[in-house]
Amino acid sequence: MLNDPGQWLAFALSGWTTTWPTQLLAIIWILWVISWVVASFWSGQTKKHVMTWDSLKYRLPILAGAVLFLPLTGKVLGEKPLWQFSSLGIYVLACLVLAGISFTWWARIHLGRFWSNAITHKEGHQVIDTGPYGLVRHPIYTGLIAGMLVTGIAVGTVTAMLGAVLISVGMGLKARMEEGFLTEELGADAYGSYCRRVPMLIPFLRPN
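The opening position of the sequence shown corresponds to residue 9 in my numbering, with each subsequent residue numbered one higher.
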């Protein structure tokens with residue numbers, strides 16, 4: 009029985025977060041989440057946003073994916089990794105995750121006060137097509153999807169990989185919804201022209 013709160017905490021954190029070297033990936037993601045939440049207070053005033061009911065289309069797969077991605081889920085199910093990487097392999101994968109996270113932060117800083125966690129139209133909002141936004145239209149999603157998929161592969165459990173895929177699908181749906189919203193808000197000429205020049209999520213591909 010887990011009567012001690014400390015035992016519950018240890019159980020919740022058990023799984024791939026306490027197994028070195030995959031623990032390194034957990035540390036990277038925890039630091040990213042903390043920094044991202046703190047930075048969320050630096051955002052411009054919202055003029056208009058997508059209704060919560062409509063946003064469920066992308067929030068539900070992201071939420072389901074996040075539950076599967078949690079180390080606790082694999083622990084409860086008694087999962088074992090399908091494969092094991094060497095320490096060197098994990099360090100290489102960790103560098104790839106850091107690259108994805110760094111891409112999100114480059115985009116976040118470049119976007120400035122126009123950034124929002126939800127799909128919104130900020131005061132003074134305009135099309136940003138420089139920096140990472142000159143490479144892809146949704147660099148934050150690109151970085152997160154890359155980091156999530158690499159982490160799922162590194163952990164090697166079915167739930168972690170399925171969770172990463174569901175989160176990626178949810179972000180793809182959010183990107184599509186965001187583009188429809190911004191096309192209406194900023195104008196088909198301005199945002200539509202941007203979509204025709206810059207790929208959506210994968211750099212150097214033909215814009216779609």
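Cβ atoms here follow ideal geometry from the backbone N, Cα and C, with glycine treated the same way.
For P207, the secondary structure class from DSSP, reduced to helix, strand or coil, is coil.
At a Cβ-Cβ threshold of 9 Å, D62 and M185 count as neighbours. Secondary structure of D137 (DSSP, three-state): coil.
The three-state reading of DSSP puts S63 in helix, counting H, G and I together. Counting along the chain, K83 sits inside the alpha helix (DSSP H) bounded by residues 79-84.
Three or more Cβ pairs closer than 8 Å define a contact, and the stretch 103-114 meets that threshold against the stretch 148-157. Cβ-Cβ distances below 8 Å link V177 to P69, G73 in the same chain, with the five nearest sequence neighbours on each side left out; the list follows chain order. Between the alpha carbons of V46 and G120 lies a gap of roughly 14 Å. I98 is classed as buried because its beta carbon has at least 16 other beta carbons within 10 Å across all chains shown. Counting along the chain, R214 sits inside no alpha helix (DSSP H), nor does DSSP assign it H or E at all.
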